[in-house]
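The sequence shown begins at 355 in the numbering used here and counts up by one.
Beta carbons: idealized from backbone N, C-alpha and C, even for Gly.
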Amino acid sequence: MTSRDLVLPAFFGDALALGAHWIYDDAEIAEAFPAGITNYSDPRSDYHPGKQAGDFTHYGDQTLMLLESLDRHRGFDPAAWRKDWLAFWRGKPNSYLDGATRRTLENSTAGLDRPSDSHDLGGASRIAALFALHFASDEEAVTAARAQTTLTHGDPRVAAVAEFLTLATRRVLEGASFSQAFEAAAATGMPDLDAAMEASRGTNEDLVDLGLSCDVAKAFPLMVALALKYENEPVTALRENARLGGDSAARGIPLGLLMGAKHGLSAFPAAWSSELTKFERISSVLERLALLPA
Numbered sequence: 355m356t357s358r359d360l361v362l363p364a365f366f367g368d369a370l371a372l373g374a375h376w377i378y379d380d381a382e383i384a385e386a387f388p389a390g391i392t393n394y395s396d397p398r399s400d401y402h403p404g405k406q407a408g409d410f411t412h413y414g415d416q417t418l419m420l421l422e423s424l425d426r427h428r429g430f431d432p433a434a435w436r437k438d439w440l441a442f443w444r445g446k447p448n449s450y451l452d453g454a455t456r457r458t459l460e461n462s463t464a465g466l467d468r469p470s471d472s473h474d475l476g477g478a479s480r481i482a483a484l485f486a487l488h489f490a491s492d493e494e495a496v497t498a499a500r501a502q503t504t505l506t507h508g509d510p511r512v513a514a515v516a517e518f519l520t521l522a523t524r525r526v527l528e529g530a531s532f533s534q535a536f537e538a539a540a541a542t543g544m545p546d547l548d549a550a551m552e553a554s555r556g557t558n559e560d561l562v563d564l565g566l567s568c569d570v571a572k573a574f575p576l577m578v579a580l581a582l583k584y585e586n587e588p589v590t591a592l593r594e595n596a597r598l599g600g601d602s603a604a605r606g607i608p609l610g611l612l613m614g615a616k617h618g619l620s621a622f623p624a625a626w627s628s629e630l631t632k633f634e635r636i637s638s639v640l641e642r643l644a645l646l647p648a
């Protein structure tokens, strides 16, 4: 298993979600995608103007930004990450300026080195990029995950989810099932996952009942439930996540990471690589980072 096996599927999860991202009306999604969401598509909402099939949402953009920061500085440097993040946004990119980003930028302009108080899942989702590096211990990996997250998200629940995702993914890489990995990661103090586990055994309506919004209290359990429900169906997992809509991109990145950790890159359609706009750019960065000493 290489970093490509984990990191690229995380980007697949974001790009696949672009089409129906932040659409909460199931009927609207069904009308736009009568056969479901099986491949990349242009965004149907108004949140991503100028984006097209194969591009990322702003979550994917920031995950790529973190990946390139790792490459630029030959590892994770929190101060350098902050500098790179600020430079990206001050360059006025074609990427949605969400609440967490806007408030963090406002704090910086006011001379405050302080994140927003946002409680959405997106800040934790970026940790997928950190799996391009080799961390010798859980402690090192968690420290980096929390630091990258708290650049923009000050709500402690978001940092806790970043820790959970990091530990769970590391356990999956060691051979644990998703339920085993989630239970082990939850032992560090995450909220009870019973609702997510129960929903994973039910219908898609049960999944929707967990909530489709950005709030980590809803988006995180839904991501866990999708992972459990489709543990051995990685392609279906990402397609169903995209079809549900809502904040599908924030869920899709960690869902892709977990599926990649379990199944590897070869489990996904080759078209998801070839039609990913930034595929070559990501591949080049991953190749360079793989050469860093362990």
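Rounded to the nearest whole angstrom, the CA to CA distance from E559 to A441 is 42 angstroms. The beta carbon of R524 is closer than 7 angstroms to those of D492 and A495 in its chain, skipping five residues each way along the sequence. Going by DSSP, M613 is part of the alpha helix (DSSP H) stretching over S602 to H617. At a Cβ-Cβ threshold of 8 angstroms, H507 and P447 do not count as neighbours. Secondary structure of S479 (DSSP, three-state): helix.
DSSP places T523 inside the alpha helix (DSSP H), whose first and last residues are P510 to L527. A straight line joining the alpha-carbon of I607 with that of G465 spans about 32 angstroms.
Contact between F622 and V589 holds: their C-beta atoms lie close to 6 angstroms from each other, under 8 angstroms.
As the crow flies, the alpha-carbon of E382 is around 10 angstroms from that of P388. Inclusion of G408 and Y394 in the CB contact set at 8 angstroms is warranted, their separation being smaller than that value. Apart from the 5 residues on each side of it in sequence, W443 sits with its Cβ closer than 7 angstroms to the Cβ of T455 and L459 in its chain, given in chain order. Shown here for R500: same chain residues with a beta carbon closer than 8 angstroms to its own, the five before and five after excluded, namely A513, A516 and E517 in chain order. Apart from the 5 residues on each side of it in sequence, R597 sits with its Cβ closer than 6 angstroms to the Cβ of G390 and I391 in its chain, given in chain order. Across the structure, H473 and S602 are spaced so that their CA atoms are roughly 16 angstroms apart.
Here K437 is exposed, its C-beta having fewer than 16 other C-beta atoms within 10 Å. The region 534-580 is shown to contain whole alpha helix (DSSP H) runs of 4 or more residues at 548-554 and 558-563, in chain order.
The alpha carbon of D548 has as its nearest neighbour, out of G529, E528 and L576, the alpha carbon of L576.
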